[in-house]
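I have placed the structure first, in the form of structure tokens, so that the comments after it can refer back to it.
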Amino acid sequence: MPPQQPIRLYRFAFSGHSHKVELLLSLLQLPVEKIDIDLLRGEHKSASFLALNPLGQVPVIEDGDTIVSDSNAILVYLAERYGAPHWLAPDAPVGSVQRFLSLAAGELAFGPAVLRRQTLFSGGQDNKAQAWALSERLCGFLEQHLAEQSYFLGSLPSIADVSCYTYLAHAPEGGFSLASYPRLQAWIARMEALDGFIPMAKVPARSADEHSTP
Numbered sequence: 044m045p046p047q048q049p050i051r052l053y054r055f056a057f058s059g060h061s062h063k064v065e066l067l068l069s070l071l072q073l074p075v076e077k078i079d080i081d082l083l084r085g086e087h088k089s090a091s092f093l094a095l096n097p098l099g100q101v102p103v104i105e106d107g108d109t110i111v112s113d114s115n116a117i118l119v120y121l122a123e124r125y126g127a128p129h130w131l132a133p134d135a136p137v138g139s140v141q142r143f144l145s146l147a148a149g150e151l152a153f154g155p156a157v158l159r160r161q162t163l164f165s166g167g168q169d170n171k172a173q174a175w176a177l178s179e180r181l182c183g184f185l186e187q188h189l190a191e192q193s194y195f196l197g198s199l200p201s202i203a204d205v206s207c208y209t210y211l212a213h214a215p216e217g218g219f220s221l222a223s224y225p226r227l228q229a230w231i232a233r234m235e236a237l238d239g240f241i242p243m244a245k246v247p248a249r250s251a252d253e254h255s256t257p
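In this text, residue positions in the sequence shown follow my numbering: the first is 44, and each later residue adds one.
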């Protein structure tokens, strides 16, 4: 049953973590009210936002009386409450979804996402060589993993795919080319062909810092 009122999404429009939640909301055709939190101006440190998430991170959703923070936790919540069974990949081995959520929070967040942040926002003091090596290792693994299936966990998309899509698709913005990964490029194209797909907002100009974009 869809929610009786729009789900409030507190987001930073150029954050991949925010976008993947926005993407699943759209794929599930759920009503949403988007509330922009400008990280570059420190709005995530305001008292009103910290009341929603004391860690001061986007995204956060408000679904009636339920507040959920952390992008991967939000994906699980939305899939369990509103999604068709395939979004949780019930036929995949136990732990498979969590494996990809961990990749999204680990190698992806510290690899392609770091390269993008450094390039577009001059943000952080992360080791670029390490981020590049993580990106190569992750994309090499995914390229091999996609050899016999259309999506990460079978023939239908799941939140495993949604959790990883945005920062992988936008890896070239950080200077990391996907030209050597044709299966990964084909997977990105399949994701973008899904009914309800919406792209992430384009960064209009180089910004000063995205240090707090999770």
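Ideal Cβ placement from N, Cα and C applies to all residues, glycine included.
Kindly indicate which residue of Leu-68, Ala-172, Leu-211 has the alpha-carbon position closest to the one of Gly-126.
-> Of the candidates Leu-68, Ala-172, Leu-211, Leu-68 places its Cα closest to the Cα of Gly-126.
Considering only residues of the stretch 92 to 131, which uninterrupted alpha helix (DSSP H) runs meet the minimum length of 4 residues and lie entirely inside it, listed in chain order?
-> 114 to 125
When burial is assigned at 16 or more other CB atoms within 10 Å of the CB, is Met-44 buried or exposed?
-> exposed
Grab the span of the alpha helix (DSSP H) containing Ile-231 for me, first residue to last.
-> 225 to 235
Backbone CA spacing between Pro-215 and Val-75 [nearest angstrom] | Taking the straight line joining both Cα atoms gives about 29 Å.
Opposing strand residues paired with Tyr-53 [DSSP bridges] | Ile-78, Val-103
Range covered by the alpha helix (DSSP H) that runs through Ser-178 | 171 to 188
Take the Cβ of Gly-107 as the centre, count every other Cβ of all protein chains shown within 10 Å, and call the residue buried at 16 or more, exposed below.
-> exposed
Does the Cβ-Cβ distance between Tyr-224 and Gly-59 come in under 7 Å?
-> no
What residues match up with Tyr-194 in a beta bridge as DSSP calls it?
-> Gly-197
Where Ala-43 falls, given that 16 or more other Cβ within 10 Å makes a residue buried = There is no way to answer for residue 43, as the model of the chain reaches only from 44 to 257.
Measure from the alpha carbon of Ser-220 to the alpha carbon of each residue in Ser-178, Val-157, Ala-203, then state which is nearest.
-> Measuring C-alpha to C-alpha distances from Ser-220 to each of Ser-178, Val-157, Ala-203 identifies Ser-178 as the nearest.
In angstroms, rounded to a whole number, what distance separates the CA positions of Leu-131 and Val-64?
-> 15 Å
For the alpha helix (DSSP H) holding Ser-145, just list the boundary residues, first then last.
-> 139 to 146
Round the Cβ separation of Phe-217 and Leu-181 to the nearest angstrom and send it over; I've been treating them as touching at under 8 Å.
-> Reading off the sequence shown, one finds Gly at residue 217, where the question assumed Phe. Going by Cβ atoms, the distance from Gly-217 to Leu-181 rounds to 13 Å, so no, they are not a contact pair.
Among residues of its own chain, excluding the 5 on either side of Ala-174, which ones have a beta-carbon nearer than 7 Å to its beta-carbon?
-> Phe-153, Gly-154, Val-157, Leu-158
Beta carbon of Gly-239, beta carbon of Leu-70: below 7 Å?
-> yes
Check whether Ile-261 and Leu-52 have beta carbons under 7 Å apart = The structure shown does not extend to residue 261, since the chain is modelled only from 44 to 257, so the question has no answer here.
Of the choices Asn-96, Tyr-208, Ala-222, whose alpha-carbon is the least far from that of Leu-151?
-> Of the candidates Asn-96, Tyr-208, Ala-222, the one whose C-alpha sits nearest the C-alpha of Leu-151 is Tyr-208.
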